[in-house]
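Chains as they are written, first to last, in this note's numbering: chain A, 1 to 850; chain B, 851 to 977. So the structure is just underneath, and the comments pick up after that.
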Amino acid sequence: MVAHRLVEALRDRDTGGRWRVTVLAEEPRAPYDRVALTSYFSGRDPESLALGDRALWEHPLVELVRGAPVVAVDRAARTVTGRDGRTWEYDALVLATGSAPFVPPIDGIDRPGVFVYRTVDDVAALRGWVEQLKDQGRQVRGAVIGGGLLGLEAAGALQALDVRTTVLQMGTHLMSAQVDLGGGALLRRLIQARGVAVRVNAVTAQVRPGRAGRGERVGRLDLADGGRLDVDVVVVAAGIAPRDELARAAGLETGPRGGVVVDSSCRTADPRVWAVGEVACLDGACIGLVAPGYAMAEVVADRLLGGSAVFPGADTATKLKLSGVDVASFGDAAPAAPGALEVVYSDPVRGAYAKLVLSDDARTLLGGVLVGDASAYATLRPLVGTQLAGDPAAYVLPGLPEGARPGGDLPDDAAVCSCNNVTAGRVRAAVTQEGCTDVAAVKACTRAGTTCGSCLPLVKKLVGTELAKVGVAVSSALCEHFAMSRRQLFDVVRVSGLRTFSEIVARHGTGRGCDICKPVVASVLATLHHEHVLDGENAALQDTNDHVMANLQKDGSYSVVPRMPGGEVTPEGLIAVGEVARDFGLYTKITGGQRIDLFGARLEQLPDIWRRLVDAGFESGHAYGKAVRTVKSCVGSTWCRFGVQDAVGLAVELELRYRGLRSPHKLKLGVSGCARECAEARAKDVGVIATEKGWNVYVGGNGGFTPRHARLLAEDLDTATLIRTIDRFLMYYVRTADRLQRTAPWIDEVDGGLDGVRAVVLDDRLGIAAELDAAMAEHVSAYRDEWRATLEDPDKLRRFASFVNAPTTPDPSLAYVLERGQRRPARPDERAGARPELALVAGARLEVRS
Amino acid sequence: MRAGTDVSTARAGTGPNTPWIPVCRLADLAPERGAAALVAGEQVALVRTVDDDVHAVDQRDPFSGAHVMSRGIVGSRGAALTLTSPMHKQVFDLRTGECLEAMGREPQALRVWPVRVTCGVVEVRRP
Ligand code: SRM
Ligand SMILES: Cc1cc2nc3c(=O)[nH]c(=O)nc-3n(C[C@H](O)[C@H](O)[C@H](O)COP(=O)(O)OP(=O)(O)OC[C@H]3O[C@@H](n4cnc5c(N)ncnc54)[C@H](O)[C@@H]3O)c2cc1C
Ligand code: SF4
Ligand code: FES
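So, in structure tokens, the structure goes:
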């Protein structure tokens, strides 16, 4: 990982092309994100773990040699030799060999079924082993040796594979390197509550085979205290050892516990040899975290270009979510400073533990530990080394909304983004000196927030404060063409009665519009006047998705999603969809929104596909629009023995009522038939959950990058009141939210927050309820299926020509490959013919290209 | 109709001597919405402005590699006339092909094709 960052940094800055870089990698793949390794178990394919922009490896001055372990370094000749005997010369050599898992010398530890957890190959082997045992129909039992950060992560991964898991920790508590005894005890309870067993003071003495007949594979662990544990799989996560073997053999100095000794410029005693990342030993220690490694990479890049950067010291703060349990530690959590004070807050009922370490005058924050609820982490970590603005307890007590925590201005040298080593001062400078006017620009210019994203709320806050200071009242202008917000624009259009973009921009804006304001105006006009997306001038305003009423895919083809209200579909409907998919050769997949997506349709095929679907009784699912998407439902009282109301019936009714409603962002709804919540309604913008007496309605939920649970708006409503309430909520949102603002952030910002929304929607505090009701009634009666209307209008159909001079000729650049019985876009290497065993296919009927 | 006039000379030549290739009628193009055309085997994105000027650039989006430029939103940025890629929203100046907004990537330009409208017929020439 660190080597990758070095190459990136060097290519970024070495604009004169002074250095040609060769990366010799032992692993068979391009550098990938080891930190996210565990996501491999949740189905991410290893490709998606690749770090950075692939184009880096195509740079003429960069060569990546995969599967090429280096076996020797000759410092006198300045060459390195690979296992296959090839040699490379160097002017500078950077060792970034990372660490190997430390495997304690326990009798029997090399048995089949014992794994380590470091590389994609490791986790793939582990998964394969477990799946093969599962195929035999057994409950698989597993153990993790080591209860640190990595051990708990491995335990989470095993549990996700349905393995009954026990963590064996040698010391007194879990994560002893990061959290203290009290935090460790709570952590253990929280983890056990999630179904992972934990044994502390557990020293493994021997790894033994199972019953006779199962061969040499692991079967049980014997512990030093006489205990034993039956297991089918073991993961060793007992620590890491720096891979300093090359340096050792080349006569370079290594540290007391291993690692290549370097100075603060990351250089070894040999001026041409450097070491970075986990293998580098600085001030007597190696650091097993990625952020300090990235900092070292930046230092070496700078030095290679003649700079004089030095390693600033490591921020070893960590924040994790281990099988859903928040854990964070930062600064000096196990106080070394004399007289340091500890403020401990422990709430076993809520499952939260927090400890702050303060200087002897109880004012300066030195460090801390948070377990169970780490929401204060983003605020506290940058404050380490500074004086707290108020009562320390206020920072960690529960229930304080983010903004209400004592803020205080962060000092300029406070680290804001530890992944990329960005300070508060750097973020400020991006705004004040480099002219960044929003978070996106600051991200691009400083890299803050581009790795794990956990610092983004803080970055946002800083940017906002800084902009406000320089008088750039955080601009609510939509874009350079409209100096007003979406909400203001909505009112202007509504009051003025203007109906075309040309009139609106001439009267209230400047220029000819852009990809931001044109779709916004289209959406506002759609809400107010219910015109077809392709009527008159509207057509030119739409994003390609709305313009062709399908979703653009990576290769320029589209996907088609017919509506299936509430996820309900008849067998005839399924057959019809299946036939269309087969006849047009479309890749078919069930979506997360309980319906079917058909991928790979070409522009000019869309009308033919939709003619078939409309004939079979389907209509547009608006998967392409900032519009109501789906109403997800569970089966409810119709079949389920716990259901207390007809969830599917209500979901269908709601979906048919709100279908086609255009909005500032996508809108999703959900209905669950009882409190078990199988429809995940509280993850939706509007979630309805059945009660014995009626319906509870929740608002402001979403998944995505910042998941939010919907909050209760009203309880035990009858169906008519429920629908009226949702009508008003949705209309109020559609009229007043910002562009691309989903309901959760809108509720945070609208007057009075959730209570304000309640006052408007339920008590008509603003006196606009009748207007909102009327607007929704008009929407419902004006609804027409966009696709049916398009098929009836030859003018609209003309827009689906692939080429103006060859309307039915397919895009000749499209190429497909068969995978698991369906086609998918060919990758560049496959187009280039690098994998001849895969057939390239193109066209509607899967003709095979030679 | 495939505009295949003299493919070989079209391929071989560059500069002012390559022939003009008729593509479609001006009336076939909607104002401020692109259209794709196949020209001697290559894909071109045509854009007609409100003043009935026509601009032509490569249909291939250099960032994503997909042939989609004609399906982007047409607009303006300062004095520039712009076309935004529908894929990842990079913005290009239609007059010069220059990339005005690279969305955090290394900027890459679009190739511009010379265009003229003769007697209501749009003609392009290989760049
Ligand atoms: C097809 C589908 C994935 C799948 O194969 O299951 C999908 C596919 C896309 N999602 Fe999604 N999302 C799909 C369900 C979801 C869900 C799950 C759900 O709806 O229950 C979520 C989380 C729930 C939520 O929305 O809160 C989801 C959260 C997102 C987000 C994050 C939204 C957010 O507020 O942060 C985006 C990005 C965005 O909209 O800006 C996104 C964007 C996209 C886009 C439109 C990205 C793009 O611009 O190309 C994908 C293209 C769809 C296509 O080509 O057809 N998709 N997406 C699902 C279609 C559902 C449907 O039937 O309409
Ligand atoms: C599951 C997991 C979760 C983690 N979570 C976090 C986290 O949340 N936060 C955090 O900060 N850190 C985390 N880490 C640690 C982080 O991954 C490492 O700190 C980081 O990868 C170190 O980078 P590096 O470049 O020094 O080493 P590596 O990423 O290990 O790269 C070294 C590379 O060098 C190769 N190599 C070794 N010897 C040779 C040779 N002789 N010839 C050629 N190639 C060689 C190796 O094969 C390897 O690919 C996690 C690690 C794991 C395994
Ligand atoms: S946008 Fe949704 S569908 Fe597309 S890759 Fe991301 S998660 Fe998957
Ligand atoms: S802290 Fe991870 S991206 Fe900023």
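Note that the Cβ used here is the ideal one computed from N, Cα and C, for glycine as well.
For this session: Would you tell me roughly how many angstroms separate the C-alpha atoms of A328(A) and G108(A), rounded to the nearest one?
Result: 35 Å
Exercise. Any Cβ of chain A within less than 7 Å of the Cβ of E882(B)?
Worked result: Closer than 7 Å to some Cβ of chain A, the Cβ of E882(B) qualifies, so yes.
Exercise. Does DSSP put M1(A) in a helix, a strand or coil?
Worked result: coil
Exercise. Does DSSP classify V46(A) as helix, strand or coil?
Worked result: One detail in the question is off: residue 46(A) reads as Pro in this sequence, not Val. Three-state DSSP puts P46(A) in a helix.
Exercise. Of all Cβ atoms in chain B, is any one closer than 7 Å to the Cβ of R512(A)?
Worked result: yes
Exercise. Can the beta-carbon of V974(B) be found closer than 7 Å to that of V918(B)?
Worked result: no
Exercise. For L49(A) versus Y32(A), is the C-beta spacing smaller than 7 Å?
Worked result: Yes.
Exercise. Since T934(B) meets chain A, which of its residues come closer than 8 Å, beta carbon to beta carbon?
Worked result: C514, D515
For this session: Spatial neighbours of R111(A) within its chain, please: CB distance less than 7 Å, with the 5 preceding and 5 following residues excluded, ordered by chain position.
Result: Within the same chain, R111(A) has close Cβ partners V207, P209, E216, R217, V218.
Exercise. Taking the continuous beta strand (DSSP E) assigned at V907(B), which residues delimit it?
Worked result: 904-908
For this session: Determine, using beta carbons only, whether G566(A) and V631(A) come nearer to each other than 7 Å.
Result: yes
Problem set entry | W19(A) to L528(A) span [Cα, whole Å] | 60 Å
Exercise. Just by C-beta distance, which residues in the region 896-907 of chain B are closer than 8 Å to chain D?
Worked result: Note that chain D does not occur in the displayed structure, where the protein chains are A and B.
Exercise. Going by DSSP, which residues form a beta bridge with K632(A)?
Worked result: G670(A)
Problem set entry | Close beta carbons around Y783(A), own chain, < 6 Å, minus the five adjacent residues each side | Same-chain partners within the cutoff: G660.
Exercise. Quick check: the region 570-579 of chain A against the region 770-789 of chain A, are there 3 or more CB pairs under 8 Å?
Worked result: no
For this session: Could you check if L181(A) is buried or exposed, using at least 16 other CB atoms within 10 Å of its CB as the buried criterion?
Result: exposed
For this session: Run the proximity test for A25(A): is its beta-carbon closer than 6 Å to any non-hydrogen atom belonging to ligand 2?
Result: yes
For this session: Could you have a look at F618(A) and say whether DSSP puts it in helix, strand or coil?
Result: coil
Exercise. Is the CB of S813(A) under 7 Å away from at least one CB in chain B?
Worked result: Chain B contact via Cβ: present.
Exercise. Going along the region 597-611 of chain A in order, which residues come within less than 9 Å of chain B, judged by CB to CB distance?
Worked result: L603
Problem set entry | Simplified DSSP assignment, three categories, for Y294(A) | helix
For this session: Report, in whole angstroms, the separation of the C-beta atoms of S264(A) and F311(A), which I expect to be a contact under 8 Å.
Result: Yes, S264(A) and F311(A) are in contact; Cβ-Cβ is about 5 Å, under 8 Å.
Exercise. Mind checking whether the beta-carbon of E880(A) lies closer than 6 Å to any heavy atom of ligand 2?
Worked result: Any property of residue 880(A) remains undetermined from this structure, which presents chain A solely from 1 to 850.
Exercise. If you measure from the CB of E278(A), is any heavy atom of ligand 2 nearer than 6 Å?
Worked result: Checking every heavy atom of ligand 2 against the Cβ of E278(A), one is found closer than 6 Å.
Exercise. Quick one: does the C-beta of A9(A) sit closer than 6 Å to a heavy atom of ligand 2?
Worked result: The beta carbon of A9(A) sits no closer than 6 Å to any heavy atom of ligand 2.
For this session: Could you work out which residue in V972(B), E956(B), R898(B), L944(B) is closest to V962(B) when comparing CA atoms only?
Result: Nearest option by C-alpha distance: L944(B).
Exercise. Which bits of chain A does C949(B) rub up against, with CB to CB less than 7 Å?
Worked result: Those within 7 Å of C949(B) in chain A number zero; the least Cβ separation is about 14 Å.
For this session: Return the residue from the list P69(A), R127(A), A415(A), T588(A) that minimises the CA-CA distance to A295(A).
Result: A415(A)
For this session: With hydrogens ignored, establish whether the beta-carbon of R118(A) is closer than 6 Å to any heavy atom of ligand 6.
Result: Ligands in the displayed structure: ligand 1, ligand 2, ligand 3 and ligand 4; ligand 6 is not one of them.
Exercise. Sorted by chain position, which residues of the same chain lie with C-beta nearer than 6 Å to P964(B)'s C-beta, five sequence neighbours on each side aside?
Worked result: Here the set comprises R975.
Exercise. Residues in its own chain within less than 7 Å of V971(B) by CB, not counting five upstream and five downstream?
Worked result: P872, R875
Exercise. For the candidate residues D583(A), R350(A), E245(A), N421(A), whose alpha-carbon lies nearest to that of Q822(A)?
Worked result: D583(A)
Exercise. Under the criterion of a Cβ to heavy atom distance below 6 Å, does P46(A) qualify as lining ligand 2?
Worked result: no
For this session: Indicate, with yes or no, if ligand 2 has a heavy atom lying under 6 Å from the CB of P312(A).
Result: no
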